[in-house]
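Residue numbers (the UniProt record's numbering): 1 to 399.
For reference, the structure discussed in these notes is given below.
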Amino acid sequence: MGAEQSTPRTPSSSSSQMNEKGFASGSYTQETDQRLMTSLKNLDLNAHGSAGLTKNTLDKYQEAFWRDQKNVLAMNAILANDPGDVLVNPAVANKDTHVFNVAAGCLQYGVVPKSVYPETYASSSSSKLNWLVTVKLREFATQIRKAAADGVSTNSIRLLKQDMLEDIHRIMVIFLGEPPKAFDFEATDKNGKFVSVPDTTPQKFMKEVVGYKLEDTLSLINDPRNHYNKLYTVDRLGNVIGGNPIRYVNTEITTIKDLAIKVLKSGKPVWFGCDVGQFNSRKFATMNLDIHNYELAFNVDFKMSKAERILYGESAMTHAMVFTGVHIGNDGKPIRWRVENSWGDSSGDKGYWIMQDDWFSEFVYQVVLEKNVVPQHLVDLLKTKPTVLPAYDPMGALA
């Protein structure tokens, strides 16, 4: 998934309707300006007793007002969506999640190997699936709210919700197939030994074969806007009330690289989050700051720092992938990283890409590691009270 580019809002294209909390939501258009101008022109006299304001004078004042960037900035702040307003929806209500803790919340239901539950067209190209489920979820929301407003009992609404979830389940099964309730698993391990696990279930397979424990991991981020060696979370980020909280330990990018190399050398992959749409080439399967020579073509260069790109909305976490290898130079420093993507075999070299190390520095934001490879002073930060970043913060953009 690539990053969505935002366009600065201007009075003629933004929306503004103050809700009860004082936040803007709704529609601000040129009609609003027109009403304001009409009200001013209807003034009979000014303070000096002269004739009312003329249209030319008003137009001049209006043009000067919007030419002042401080007024544009103030309007953008006024028109910002209230994150507490549930009517302000993202593009889809059920995006393919790349937030590690959010996805990991599904592990309680178990996992199955791809050999018994293979990919479908919709699992790799999910836009139609997401669209249909989003439409139905919004429809159900209107029905539930109307039922509550009409005085329908809580128990009745819960029964209504159960019927709605059955519809969602049926849609998901038609698109993705029904996960097996029990299955046989056979494979050869890395030592060439045949392994057979007969008549197992997703939960048993997760516990006895995979053996992965979420509580043994932590998320490290590199957010140069904020203090390092601190714990952070993002307001309202999560998909289960009372579920595992989203917590990030902020640290230097060199620390993240060193720990990722340590894990890769042990033979394990490393999950990470990045801004995948920046300076890449699908044709050459590479993420490289020098993939295109913009300075030669346009006589421009790019001077924003990583912190500035996050702060001004130019960059955010947009996609999750896995590191599977690293090329170390003679000086012991990384040169490039091998990445396993999820865009299919036709993307890259059978799904694998190469990331240059300087690209890593600029556009990798997060890795998830087992606690036993992370320095203790960073692990101990999980016991501290996190700093809460706002709901719209780019560190929560991977959701």
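A virtual CB, placed ideally from N, CA and C, is assigned to each residue, including glycine.
Being a predicted model, the structure only gives us computed values, none of them experimental.
| Item | Value |
| --- | --- |
| With 16 other Cβ atoms within 10 Å as the buried cut-off, status of I221 | buried |
| For Q203, the three-state DSSP class (helix, strand or coil) | helix |
| N-terminal and C-terminal residue of the alpha helix (DSSP H) that L289 is part of | Taken as a continuous stretch (DSSP letters only), L289 belongs to no alpha helix (DSSP H), as it is neither H nor E. |
| Three-state secondary structure (DSSP) of K146 | helix |
| Range covered by the alpha helix (DSSP H) that runs through Q376 | Q376 to V379 |
| Unbroken alpha helix (DSSP H) run spanning Q162, endpoints | T154 to L176 |
| Cβ-Cβ separation, T318 to V276 (assumed contact under 8 Å), whole Å | 6 Å |
| Segments assigned alpha helix (DSSP H), at least 4 residues, entirely inside the stretch 181-240 | 202-205 |
| Among A316, W66 and L214, nearest to G110 - alpha-carbon criterion | L214 |
| For V339, the first and last residue of its enclosing alpha helix (DSSP H) | Not the alpha helix (DSSP H): V339 falls in the beta strand (DSSP E), residues P334 to E340. |
| Segment limits, alpha helix (DSSP H) that includes E308 | K306 to L311 |
| Residues near T384 in its chain [Cβ-Cβ closer than 6 Å; skip 5 each side] | L231 |
| Residue from N155, D150, V249 and T200 whose Cα sits closest to the Cα of Q376 | V249 |
| V133 - DSSP class collapsed to helix/strand/coil | helix |
| Alpha-carbon spacing of L296 relative to D290, whole angstroms | 11 Å |
| Alpha carbon of V116 to alpha carbon of G351, nearest angstrom | 21 Å |
| Buried versus exposed call for F279 [16 or more other C-beta atoms within 10 Å across all chains shown] | buried |
| Outcome for V86 when other beta-carbon atoms lying within 10 angstroms are tallied against a minimum of 16 | Per-residue confidence for V86 stands at a pLDDT of 43, beneath the threshold of 50, marking its modelled position as unreliable; no derived number is given. |
| Exposed unless 16 or more other CB atoms sit within 10 angstroms - verdict on K265 | exposed |
| Span separating the alpha-carbon of P224 from that of T154 | 46 Å |
| Integer-rounded CB distance, given that V339 should sit under 8 Å from F363 | About 12 Å separates the two Cβ atoms, so there is no contact after all. |
| CB contact below 8 Å: P375 versus chain B | Of the protein chains in the structure, only one exists, and it is not chain B. |
| Bridge partner(s) assigned by DSSP for M395 | DSSP output for M395 lists no bridge partner at all. |
| Rounded separation between L176 and L129 - CA only | 9 Å |
| Continuous alpha helix (DSSP H) assignments of at least 4 residues falling wholly in the stretch 346-378 | 357-363 |
| Closest by C-alpha distance to D388, when choosing among N288, R282, E252 and V234 | Strictly speaking, residue 388 in this sequence is Val, with Asp absent from that position. Comparing Cα positions, the closest option is V234. |
| Span separating the alpha-carbon of M206 from that of D380 | 28 Å |
| DSSP beta-bridge partners of T387 | Y232 |
| Whether P334 touches D357 by CB criterion (8 Å) | yes |
| K257 classed as buried or exposed, judged by whether at least 16 other C-beta atoms fall within 10 angstroms | buried |
| Those residues which DSSP pairs with S281 across a bridge | T286 |
| Cβ-Cβ distance between V210 and V197 below 8 Å | no |
| R247 beta carbon less than 8 Å from that of L382 | yes |
| Status (buried if at least 16 other CB within 10 Å, exposed otherwise) for Y61 | exposed |
| Backbone secondary structure at V276 - three-state DSSP | coil |
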